[in-house]
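Protein sequence lines correspond, in order, to chains A and B.
Under our numbering, residues 14 to 227 are what the first sequence spells out, in order.
Under our numbering, residues 14 to 227 are what the second sequence spells out, in order.
Yeah, the Cβ is synthetic: ideal placement off N, Cα and C, and Gly gets one too.
Quick caveat, the model's predicted, so the values are computed rather than measured.
Working notes, beginning with the structure itself.
Protein chains: 2
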Amino acid sequence: MTASPTYGELTNKGASTNIAWHEASVGRDERSKQRGHRSTILWFTGLSGSGKSTLANAVNAALFERGLATYVLDGDNIRHGLCKDLGFSDADREENIRRIGEVAKLFLDAGVIVLTAFVSPFRADRDKARGLVEDGDFLEVFCAADLDVCESRDPKGLYAKARAGQIKEFTGISSPYEAPETPELKIDTGKQDLADSVELVIKALQERGVIPAA
Amino acid sequence: MTASPTYGELTNKGASTNIAWHEASVGRDERSKQRGHRSTILWFTGLSGSGKSTLANAVNAALFERGLATYVLDGDNIRHGLCKDLGFSDADREENIRRIGEVAKLFLDAGVIVLTAFVSPFRADRDKARGLVEDGDFLEVFCAADLDVCESRDPKGLYAKARAGQIKEFTGISSPYEAPETPELKIDTGKQDLADSVELVIKALQERGVIPAA
Numbered sequence: 014m015t016a017s018p019t020y021g022e023l024t025n026k027g028a029s030t031n032i033a034w035h036e037a038s039v040g041r042d043e044r045s046k047q048r049g050h051r052s053t054i055l056w057f058t059g060l061s062g063s064g065k066s067t068l069a070n071a072v073n074a075a076l077f078e079r080g081l082a083t084y085v086l087d088g089d090n091i092r093h094g095l096c097k098d099l100g101f102s103d104a105d106r107e108e109n110i111r112r113i114g115e116v117a118k119l120f121l122d123a124g125v126i127v128l129t130a131f132v133s134p135f136r137a138d139r140d141k142a143r144g145l146v147e148d149g150d151f152l153e154v155f156c157a158a159d160l161d162v163c164e165s166r167d168p169k170g171l172y173a174k175a176r177a178g179q180i181k182e183f184t185g186i187s188s189p190y191e192a193p194e195t196p197e198l199k200i201d202t203g204k205q206d207l208a209d210s211v212e213l214v215i216k217a218l219q220e221r222g223v224i225p226a227a
Numbered sequence: 014m015t016a017s018p019t020y021g022e023l024t025n026k027g028a029s030t031n032i033a034w035h036e037a038s039v040g041r042d043e044r045s046k047q048r049g050h051r052s053t054i055l056w057f058t059g060l061s062g063s064g065k066s067t068l069a070n071a072v073n074a075a076l077f078e079r080g081l082a083t084y085v086l087d088g089d090n091i092r093h094g095l096c097k098d099l100g101f102s103d104a105d106r107e108e109n110i111r112r113i114g115e116v117a118k119l120f121l122d123a124g125v126i127v128l129t130a131f132v133s134p135f136r137a138d139r140d141k142a143r144g145l146v147e148d149g150d151f152l153e154v155f156c157a158a159d160l161d162v163c164e165s166r167d168p169k170g171l172y173a174k175a176r177a178g179q180i181k182e183f184t185g186i187s188s189p190y191e192a193p194e195t196p197e198l199k200i201d202t203g204k205q206d207l208a209d210s211v212e213l214v215i216k217a218l219q220e221r222g223v224i225p226a227a
């Protein structure tokens, strides 16, 4: 640490010194090199009950087993925390997805493969999240289970409530789901086996050079 | 992957199966074990020019050199992103710190040593961030350079503008800074050498068992 500048040197010798020190700080490339894998955003989208969170957590576990840095953002850790001030109006849904996109970008910068699992029904909102990062850093995974499959699963009883009018503006019932037109990956999570779905995501990450081949 | 459940099994066999699968997913303890260090929040607070960001980035670099998972949240990556909708009113400052606290909690959960570098002048706001996590997961680092030192450095020319009345409610000049009463670490970043300051933080992390002894 002998070559370390002092606070005074940093702050009194002008912007160039300050910038030089900041450039010497740790960036995404250095992290990737140290960890042996790149970071990316895996953005899972689909109807309630389509298996987004299940698939994201299964992929997360498979990546963790390989020793990679990963993290899942989903309703459990976002809606009760960062976005607990937001409801389900159009404006609040948009702000919810905006914040998730920004947080995903931070994890990307931190060298972490971040998996987001939210219905995120509106194309414009997903595209804004995509637009926050460089091309290739955002992989949209469309969990394309049919509505009738999702409704028959109804793991949280939400479809029943929506049909009974107890939930307004429920995606797929009383609010639209805008399916991705050109997702990086489309998986029929109504028919496909979970393990096979995980393999499809892993394969996509390998093909893009995000993670090493097994 | 042969024992992997299907989506149908997870969603149709009741909550207990679903919960079991989620419990099998990767938690903070598993990450700590794999990485060989715990995660924590290092919350740097102090006046503008006190060296928070400089110190946080220097600690970050030192931890990275040891192969640890770390990340810095500061004005550069927060104010233009997650919090770009917020200004500097009391309510917006409070919301700014709230969101930073929530994001820091996510990184903590992800197994990352997260360093936040914001003036965060109000005790109540800092204590709310502390209250989001368990005891011992939040280490407040008070960068206690005297106001006259910070003002003489004035790296961004902000004190000059505040004195000229061009910035209203500037912390230390026209808005209060509420110093921490019992921070985990207090460093006189007006007098202390940067390298020595880094060592103090590293030592605090070692003493608390967050990172291994060198």
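Coil, strand or helix - residue i by DSSP
i, result
"residue 20 of chain B", "helix"
"residue 218 of chain B", "helix"
"residue 161 of chain B", "helix"
"residue 84 of chain B", "strand"
"residue 128 of chain B", "strand"
"residue 67 of chain B", "helix"
"residue 146 of chain B", "coil"
"residue 54 of chain B", "strand"
"residue 183 of chain B", "coil"
"residue 239 of chain A", "Residue numbering for chain A in the displayed model covers 14 to 227; residue 239 of chain A lies beyond these limits and cannot be assessed."
"residue 154 of chain A", "strand"
"residue 210 of chain B", "helix"
"residue 224 of chain A", "coil"
Beta-carbon contacts of residue i that lie in its chain and below 6 Å, excluding the five residues immediately before and after
i, result
"residue 180 of chain A", "174"
"residue 133 of chain A", "58, 110, 139"
"residue 68 of chain B", "210"
"residue 186 of chain A", "175"
"residue 164 of chain B", "172"
"residue 130 of chain A", "57, 65, 66, 69, 87"
Span separating the alpha-carbon of residue i from that of residue j
i, j, result
"residue 6 of chain A", "residue 198 of chain A", "This structure cannot settle anything about residue 6 of chain A, because the visible part of chain A is limited to 14 through 227."
"residue 220 of chain B", "residue 149 of chain B", "12 Å"
"residue 122 of chain A", "residue 106 of chain A", "24 Å"
"residue 178 of chain B", "residue 78 of chain B", "43 Å"
"residue 61 of chain A", "residue 61 of chain B", "46 Å"
"residue 156 of chain A", "residue 76 of chain A", "19 Å"
"residue 51 of chain B", "residue 42 of chain B", "8 Å"
"residue 184 of chain A", "residue 203 of chain A", "17 Å"
"residue 233 of chain B", "residue 72 of chain B", "Chain B is shown from 14 up to 227; residue 233 of chain B falls before or after that span and cannot be answered."
"residue 151 of chain A", "residue 88 of chain A", "20 Å"
"residue 169 of chain A", "residue 162 of chain B", "57 Å"
"residue 147 of chain B", "residue 147 of chain A", "36 Å"
"residue 103 of chain A", "residue 92 of chain A", "16 Å"
"residue 97 of chain B", "residue 108 of chain B", "12 Å"
"residue 222 of chain A", "residue 40 of chain B", "26 Å"
Test item: CB-CB of residue i and residue j under 8 Å
i, j, result
"residue 95 of chain A", "residue 112 of chain B", "yes"
"residue 206 of chain B", "residue 158 of chain B", "no"
"residue 86 of chain A", "residue 137 of chain A", "no"
"residue 13 of chain B", "residue 126 of chain B", "Summary: the structure shown does not reach residue 13 of chain B, with chain B confined to residues 14 through 227, and so no result is reported for it."
"residue 182 of chain A", "residue 188 of chain A", "yes"
"residue 11 of chain B", "residue 119 of chain A", "With chain B represented from 14 up to 227, any question about residue 11 of chain B goes unanswered, as that position is not in the structure."
"residue 101 of chain A", "residue 191 of chain A", "no"
"residue 84 of chain B", "residue 64 of chain A", "no"
"residue 70 of chain A", "residue 66 of chain B", "no"
"residue 55 of chain A", "residue 160 of chain A", "no"
Chain-order list of residues whose beta-carbon lies under 8 Å from that of residue i (same chain, five-residue window excluded)
i, result
"residue 167 of chain B", "62, 173"
"residue 48 of chain B", "81, 82, 124"
"residue 224 of chain A", "50, 51, 76, 79, 81, 126, 215, 218"
"residue 226 of chain A", "219"
Spatial neighbours of residue i in its chain, beta-carbon cut-off 7 Å, leaving aside the 5 residues before and after
i, result
"residue 45 of chain B", "51, 52, 124"
"residue 196 of chain A", "153, 154, 155"
"residue 171 of chain A", "61, 180, 183"
"residue 114 of chain B", "141, 142, 145"
Minimum Cβ-Cβ distance from residue i to chain C less than 8 Å
i, result
"residue 112 of chain B", "Looking for chain C here will not work: the only protein chains present are A and B."
| task | Taking only beta carbons into account, state which residues of the segment 73-90 of chain B come closer than 8 Å to chain A, listed in chain order. | result | 73, 74, 75, 77, 80, 82, 83, 84, 85, 86, 90
| task | Pull out every residue of the segment 55-69 of chain B whose Cβ sits closer than 9 Å to any Cβ of chain A, in chain order. | result | 62, 63, 64, 66, 67, 68
| said: Please list, in chain order, the residues of the segment 121-144 of chain B that have any C-beta partner in chain A closer than 9 Å. | reply: 122, 123, 124, 125, 127
| message | Taking beta-carbon pairs under 7 Å, can you tell me which members of the segment 161-190 of chain B lie near chain A? | response | 166, 168
| query | Which of the residues in the segment 198-218 of chain A, read from start to end, lie with their CB under 9 Å from any CB of chain B? | reply | Answer set for the segment 198-218 of chain A: 202, 203, 205, 206, 207, 208, 209, 210, 211, 212.
| query | Which residues, in chain order, does the segment 94-106 of chain A contribute to contact with chain B at a C-beta distance below 7 Å? | reply | 94, 95
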